[in-house]
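In the numbering used here, each residue carries its 1-based index in the sequence shown increased by 1071. See below for the structure under consideration.
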Amino acid sequence: VQLQASGGGLVQAGGSLRLSCAVSGSITFITRMAWYRQAPGRQRELVAIIYGGGTTYADSVKGRFTISRDNGKNTAHLQMDRLKPEDTAVYFCVATGPDVRGDPYDYWGQGTQVTVSS
1072 VQLQASGGGL
1082 VQAGGSLRLS
1092 CAVSGSITFI
1102 TRMAWYRQAP
1112 GRQRELVAII
1122 YGGGTTYADS
1132 VKGRFTISRD
1142 NGKNTAHLQM
1152 DRLKPEDTAV
1162 YFCVATGPDV
1172 RGDPYDYWGQ
1182 GTQVTVSS
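Following this line, the structure appears as structure tokens:
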């Protein structure tokens, strides 16, 4: 299973970016997809999750970020609006699905850099 994240880049504060994450390979189903981020010198943090029951966001991004999923294409997106310099980080996508034994497993993508200038 491979996850390919794209859409990162450099943007001015107040601007927008749209991240995408495409899942490929042998995965029978995906129960949830999520975005995490990690800024230099800081721990990785959860940004947003999308699952069967809905979505969940970190308080720091509520009202500015929107996670969505295209089930037919196993793709997730993160629309990021009103970006702030503190949103600067490497963003990782995660897909949760069964491993070879059928147990839930988090598959991680390689990360995409988002830099917000002030």
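Ideal Cβ positions, reconstructed from N, Cα and C, are used throughout, including at glycine.
Counterpart residues of residue i in DSSP-defined beta bridges
i	result
THR1183	TYR1162
GLY1125	TYR1122
PRO1169	PRO1175
ASP1141	THR1146
GLN1114	None; GLN1114 has no bridge partner.
GLY1080	VAL1185
SER1091	SER1077 and HIS1148
Of the listed residues the options, nearest to residue i (C-alpha basis)
i	options	result
SER1097	GLY1168, VAL1185 and GLY1123	GLY1168
GLY1125	ARG1103, LEU1081 and LEU1154	ARG1103
SER1087	CYS1164, LEU1154, ILE1120 and ALA1119	LEU1154
Supposed contact pair residue j and residue i - C-beta distance, whole angstroms, cut 8 Å
i	j	result
GLY1078	SER1091	5 Å
Could you tell me whether the segment 1170-1177 touches the segment 1136-1150, where touching means 3 or more Cβ pairs closer than 8 Å? Touching, no, given that fewer than three Cβ pairs across the two stretches are closer than 8 Å.
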